[in-house]
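Asks: Starting off with a structure, shown below.
In this note's numbering, the protein residues as written are 31 to 172.
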């Protein structure tokens, strides 16, 4: 599909550092994709820790999406990929260095990315606002 993500990326949210399973940097925010094993996340105390972590990250501009091992094994194409694709597009597309306009993921994910032109009318949920001071902070390559 071609979504570029940083694996095990470490980010600071407030006073804590967190290791993200997959980090995707978008034009209007960031996505943390967590792949949850059933044994770890079924425990009530660990679930509370996940909630605190998710809330800390959300407060600092991260959207967390969680998939269980079973969802990844059985629903990768039907649920996981479309969910990530929709969120990337809602956040203005993948942010990459040296691009003034982020790439979007085609609604048919198998067709990969497309570069919107200045003549395209963007869908209302994916209008792009780029902070020039922040655009070069993260580098995501092809």
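Cβ atoms here follow ideal geometry from the backbone N, Cα and C, with glycine treated the same way. Every value quoted in this text rests on a predicted model; they were computed, and no experiment measured them.
#1: So residue 58 and residue 121 are supposed to be a Cβ contact under 8 angstroms. How far apart are they, rounded?
#2: By the DSSP assignment, the beta strand (DSSP E) with residue 102 in it spans what residues?
#3: With a CB to CB cut of under 6 angstroms and the five nearest residues on each side skipped, what residues in its chain are close to residue 98?
#4: Starting from the Cα of residue 37, find the closest Cα among 74, 76 and 53 and give me that residue.
#5: By DSSP, does residue 64 sit in helix, in strand, or in coil?
#6: From 93, 94 and 110, pick the residue whose C-alpha is nearest to that of residue 101; which is it?
#7: Please name the residue or residues paired with residue 50 in a DSSP beta bridge.
#8: Please return the same chain residues whose Cβ sits closer than 6 angstroms to the Cβ of residue 61, not counting the five positions on each side in sequence.
#9: Below 8 angstroms on the Cβ atoms is my contact criterion, and I expect residue 95 with residue 113 to pass it. Report the Cβ-Cβ distance as a whole number of Å.
#10: Excluding the 5 residues preceding and the 5 following residue 84 in the sequence, name in chain order all residues of the same chain whose CB lies nearer than 6 angstroms to its CB.
#11: Buried or exposed: which applies to residue 48, given that a residue is buried once 16 or more other Cβ atoms fall within 10 Å of its Cβ?
Replies: Once the coordinates are examined:
#1: Residue 58 to residue 121, Cβ: 5 angstroms. Contact.
#2: Going by DSSP, residue 102 is part of no beta strand (DSSP E) but of the alpha helix (DSSP H) stretching over 99–105.
#3: Short of 6 angstroms from the beta carbon of residue 98, and not among the five residues preceding or following it, lie these beta carbons of its own chain, in chain order: 66.
#4: The shortest C-alpha separation from residue 37 is found at 53.
#5: In the structure shown, residue 64 falls within a strand segment according to DSSP collapsed to helix, strand and coil.
#6: Comparing Cα positions, the closest option is 110.
#7: Per DSSP, 39.
#8: For residue 61, the CB contacts under 6 angstroms within the same chain, skipping 5 residues up- and downstream, are 54, 93 and 117 in chain order.
#9: At roughly 6 angstroms, the Cβ-Cβ gap stays under 8 angstroms, so residue 95 and residue 113 are in contact.
#10: Short of 6 angstroms from the beta carbon of residue 84, and not among the five residues preceding or following it, lie these beta carbons of its own chain, in chain order: 94.
#11: When all chains shown are included, residue 48 counts as buried.
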